[in-house]
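Quick note on the numbering used here: the sequence shown kicks off at 1230 and runs consecutively.
Have a look at the structure below before the remarks.
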Amino acid sequence: MSMPVPSHRVVRFGVFEVDLRTGELRKNGLKVKLQEQPFQILALLLERPGNVVTREELRQNLWPNGTIVDFEHSVNAAIKKLRLALGDSADNPRFVETLARRGYRFLVAVGKTQEVVEAVVIDARPSQEVTALPKSEFDPEELTGETVSHYRILEKLGKGGMGVVYKAEDLTLGRKVAVKFLPPELSDHPQVLERFQREARAASALNHPNICTVYEVGEYSGQPFIVMELIEGQRLDERIRGKPLAIGAVLEFGTQIADALDAAHREGIVHRDIKPGNIMITKRGQVKVLDFGLAKLIDGGAGALRTLSNARGGTAVPGASSSDSLSEEGMILGTLEYMAPEQVEEKETDERTDIFALGVVIYEMIAGRKAFEGESQASLAAAILTREPPRLRDVQPLTPPSLELLVSGCLMKDPEKRWQRARDVARQFQGLSQSLEQPEASGHVALGDRKRERWIWISVVTLLLIACALFGAHYVQRAPHRCTVK
């Protein structure tokens, strides 16, 4: 009977040994080069030997942040690299079996010993020569301490669906920067490479204090990279963490995000992936919108972006038209929880698509929860298409009605009924900031604090009424009695 593989154990099968603690694959005692995502898939398969690991489970484990960036190619590339490291074959598998339209299965039974977990092949196939992945001279997953161009890599900051980001020092100008590399499993995909290049072109074509500044686009050992300003602060999703923000903060951040979108839309650029994870809040409270990797050009715009693309000799950006998209037919781009209905239905997207996403973000800041939720992608998509989110005043009773109305105007299913321009939304936020009371506008009073203030005032008034009643009773008792003689 198979058993789960403890995370601190070593798994052995054939000539291979997997150390799940250190993240190493070894063949006959020698380390085999295996990148992060293929190793994560291997570890997941080893946890349930002989059982199916679905593609949806792989998506949730490998891309937990939700951005959908050609998942099919990404997982296929990772599986291919895993098989190459194991010397396995898709047609005649000894280790990793593909189950059409379902997922993958590791063909081993796992037994437990004191020191290691031994894996015994269930379905023995003819022996094949095992070939490790060729050692690359440049691996964007392991760059700490290296020098790339004139940037000294200091530490890894994180990894998302469209890149691995490092903190680095510009040795020429003596400043700290962020350097972003395309994940290795996506580096051979032409469309993903174009999206990566597009992010650089789009962001560098925009000059706005609420948009992350791009300093340089380069290439090192055949690997493209983007150099951006280093933003010291906190992502908006980390700031929320399931708790509502102060009304003042909501209005301040909402104004800045809308201003950034207005600047992009004026240049003919639709972001298409606005979400808390792509918004940074600096230590001074300034918003920075990140990640234009899924950006789309719209009619009559992005002249600067096209000029920049031609000047750099990069992959040609299609002419600015409503159909300017890098997606394949049948592919949905973005993060589902923040998608507009037209994105979910794969219809035409424009500025109003970003406005819907902005409404979802503002809702989450106020409520401390997402506007649309579902147990699966299908149910989540259905919620976006057919259901309205819970009323903000039901979730947070003291939400100003004018703010709830503004958010509702962003979340209309029909783009024609939504707010049409980001600049109008920004002006509405500014007007609300001015109309609300100063304590709220300063951002020091949260929604829950307002409720407490109301009860304090009620308590004070009640105490005053009780004091008046007691004083009145005492006065009546001490008053002289008059007698009437009939």
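Each residue gets a CB set at the ideal place from its N, CA and C atoms; glycine is no exception.
Computed from a predicted model, the values in this text were never measured in an experiment.
Just the C-alpha distance for residue i and residue j, rounded to the nearest angstrom, thanks.
{"i": "residue 1457", "j": "residue 1518", "result": "12 Å"}
{"i": "residue 1656", "j": "residue 1261", "result": "57 Å"}
{"i": "residue 1548", "j": "residue 1634", "result": "Because residue 1548 sits at a pLDDT of 32, beneath the cut-off of 50, its placement in the model cannot be relied upon, and the following sentence gives the value as read from the coordinates. Distance between the alpha carbons of residue 1548 and residue 1634 is about 37 Å."}
{"i": "residue 1606", "j": "residue 1565", "result": "8 Å"}
{"i": "residue 1576", "j": "residue 1246", "result": "48 Å"}
{"i": "residue 1328", "j": "residue 1289", "result": "18 Å"}
{"i": "residue 1590", "j": "residue 1490", "result": "13 Å"}
{"i": "residue 1383", "j": "residue 1395", "result": "7 Å"}
{"i": "residue 1593", "j": "residue 1619", "result": "11 Å"}
{"i": "residue 1521", "j": "residue 1509", "result": "14 Å"}
{"i": "residue 1585", "j": "residue 1658", "result": "15 Å"}
{"i": "residue 1173", "j": "residue 1375", "result": "It is not possible to answer for residue 1173, since the shown part of the chain is limited to 1230 through 1715."}
{"i": "residue 1441", "j": "residue 1572", "result": "25 Å"}
{"i": "residue 1492", "j": "residue 1373", "result": "35 Å"}
{"i": "residue 1400", "j": "residue 1408", "result": "13 Å"}
{"i": "residue 1319", "j": "residue 1326", "result": "7 Å"}
{"i": "residue 1430", "j": "residue 1444", "result": "11 Å"}
{"i": "residue 1248", "j": "residue 1371", "result": "18 Å"}
{"i": "residue 1664", "j": "residue 1638", "result": "19 Å"}
{"i": "residue 1321", "j": "residue 1255", "result": "22 Å"}
{"i": "residue 1636", "j": "residue 1462", "result": "26 Å"}
{"i": "residue 1251", "j": "residue 1313", "result": "21 Å"}
{"i": "residue 1494", "j": "residue 1436", "result": "12 Å"}
{"i": "residue 1472", "j": "residue 1600", "result": "14 Å"}
{"i": "residue 1428", "j": "residue 1393", "result": "14 Å"}
{"i": "residue 1574", "j": "residue 1691", "result": "56 Å"}
{"i": "residue 1687", "j": "residue 1693", "result": "10 Å"}
{"i": "residue 1719", "j": "residue 1474", "result": "Summary: the structure shown does not reach residue 1719, with the chain confined to residues 1230 through 1715, and so no result is reported for it."}
{"i": "residue 1718", "j": "residue 1311", "result": "Since the displayed the chain opens at 1230 and closes at 1715, residue 1718 lies outside it and no answer follows."}
{"i": "residue 1426", "j": "residue 1451", "result": "14 Å"}
{"i": "residue 1617", "j": "residue 1402", "result": "51 Å"}
{"i": "residue 1468", "j": "residue 1330", "result": "38 Å"}
{"i": "residue 1567", "j": "residue 1697", "result": "56 Å"}
{"i": "residue 1388", "j": "residue 1563", "result": "17 Å"}
Got a sec? Which residues, its chain only, sit under 8 Å from residue i by beta carbon, not counting five neighbours each side?
{"i": "residue 1291", "result": "1266, 1269, 1270, 1303, 1304 and 1307"}
{"i": "residue 1398", "result": "1380, 1381, 1383, 1404, 1405 and 1406"}
{"i": "residue 1630", "result": "1622"}
{"i": "residue 1642", "result": "1570 and 1614"}
{"i": "residue 1579", "result": "1499, 1527, 1551 and 1644"}
Tell me whether the beta-carbon of residue i lies closer than 8 Å to the beta-carbon of residue j.
{"i": "residue 1459", "j": "residue 1377", "result": "no"}
{"i": "residue 1581", "j": "residue 1652", "result": "no"}
{"i": "residue 1624", "j": "residue 1598", "result": "yes"}
{"i": "residue 1335", "j": "residue 1278", "result": "yes"}
{"i": "residue 1240", "j": "residue 1263", "result": "no"}
{"i": "residue 1588", "j": "residue 1621", "result": "no"}
{"i": "residue 1281", "j": "residue 1273", "result": "no"}
{"i": "residue 1498", "j": "residue 1523", "result": "no"}
{"i": "residue 1496", "j": "residue 1434", "result": "yes"}
{"i": "residue 1632", "j": "residue 1614", "result": "no"}
{"i": "residue 1470", "j": "residue 1506", "result": "no"}
Between which residues of its own chain and residue i is the CB-CB distance below 6 Å, once the five residues before and five after are set aside?
{"i": "residue 1315", "result": "1324"}
{"i": "residue 1447", "result": "1378 and 1454"}
{"i": "residue 1449", "result": "1377 and 1378"}
{"i": "residue 1332", "result": "1281, 1282, 1283 and 1284"}
{"i": "residue 1257", "result": "1244"}
{"i": "residue 1569", "result": "1582 and 1585"}
{"i": "residue 1309", "result": "none"}
{"i": "residue 1603", "result": "1609 and 1612"}
{"i": "residue 1654", "result": "1487 and 1648"}
{"i": "residue 1695", "result": "none"}
{"i": "residue 1287", "result": "1304"}
Less than 7 Å between C-beta atoms, sequence neighbours within five positions excluded: which residues of the same chain meet that for residue i?
{"i": "residue 1317", "result": "1323, 1324 and 1325"}
{"i": "residue 1479", "result": "1591, 1594 and 1595"}
{"i": "residue 1466", "result": "1505 and 1506"}
{"i": "residue 1432", "result": "1440, 1441, 1443 and 1521"}
{"i": "residue 1253", "result": "1260"}
Does any C-beta atom of chain B lie closer than 8 Å to the C-beta of residue i?
{"i": "residue 1426", "result": "Within the model displayed, chain B is absent; a lone protein chain is all it includes."}
Mind pulling the alpha helix (DSSP H) runs of 4 or more residues that sit fully within the region 1392 to 1480?
-> 1419 to 1433 and 1465 to 1469
Could you give the uninterrupted runs of the alpha helix (DSSP H) lying entirely in the region 1243 to 1315, keeping only those of 4 residues or more?
-> 1265 to 1276, 1284 to 1291 and 1300 to 1315
Contact between the region 1505 to 1520 and the region 1484 to 1491: three or more CB pairs below 8 Å?
-> yes
If we count Cβ pairs, one from each stretch, closer than 8 Å, do we get three or more for the region 1487 to 1503 versus the region 1597 to 1610?
-> no
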